[in-house]
Amino acid sequence: MSGELPVLAITSGEPAGVGPELCAALAGRDWPARLVVLGDAELIEERLARLDSAVQVRAWLPEVAPQRGVLDVLHVPLVRPAVAGALDPANAPYVLSLLDRALHGCVSGEFAGMVTAPVHKGVICDAGVPFSGHTEYLADKTGTPLVVMMLAGDT
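Residue numbering for the sequence shown follows our numbering, beginning at 2 and increasing consecutively.
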């Protein structure tokens, strides 16, 4: 894999929140990694249209090179159509499926890492799933006894 860009899975997060829009912003620049957004392609296209964005969505194919202005999306369908700002516990399984798919890709070697967009802990709990956050969820799924979270930003 020498010379190839690492592939990072970007989960699009809570469909009623800012995650889809944050993911869309990724297409506006070059990155030292190959980015693939996990989420509902129609939802992301809808949010791009609302933002009057020129970013294009295409289905992610590992063999197709990244391109500025194009967002590679690995389609994961919503459970129910999402409305910006209107939380719906019916979509909690969708949010968790994004994390599960990214985790599977990381464990299998398909992805070199995972970046997560915001989720709403309360709406996941309202759906009957005990959830205290990404870090604990992923630790539980992998049987990891001690975990840490890293937050980074420009200084």
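Beta carbons: idealized from backbone N, C-alpha and C, even for Gly. Note that this is a predicted model, so its numbers are computed, not measured.
Annotation: H135 is outside any beta strand (DSSP E); the continuous alpha helix (DSSP H) that includes it extends over H135 to T143. At least 7 Å separates the beta-carbon of A25 from that of M115. D73 has R59 as its beta-bridge partners, per DSSP.
The closest CA to that of A34, considering only E47, V108 and R69, is found on R69. The DSSP-derived three-state label of A26 is helix. Between A28 and K142, the alpha-carbon positions lie close to 30 Å from each other. Only residues of its own chain outside the window of five on either side were considered, and among them T136 have a CB closer than 6 Å to the CB of M150, listed in chain order. Membership of L147 in any beta strand (DSSP E) is not indicated, and neither H nor E is assigned to it by DSSP. E46 and V58 do touch by the CB rule: their CB atoms are close to 5 Å apart, below 8 Å.
Rounded to whole angstroms, the gap between the alpha carbons of V56 and G40 is 16 Å. Burial is judged here by how many other beta carbons sit within 10 angstroms of a residue's own beta carbon; P16 has at least 16 and is buried. Assigned with DSSP and collapsed to three states, L39 falls in strand. For L79, the closest alpha carbon among the candidates E64, N92 and G154 is that of N92.
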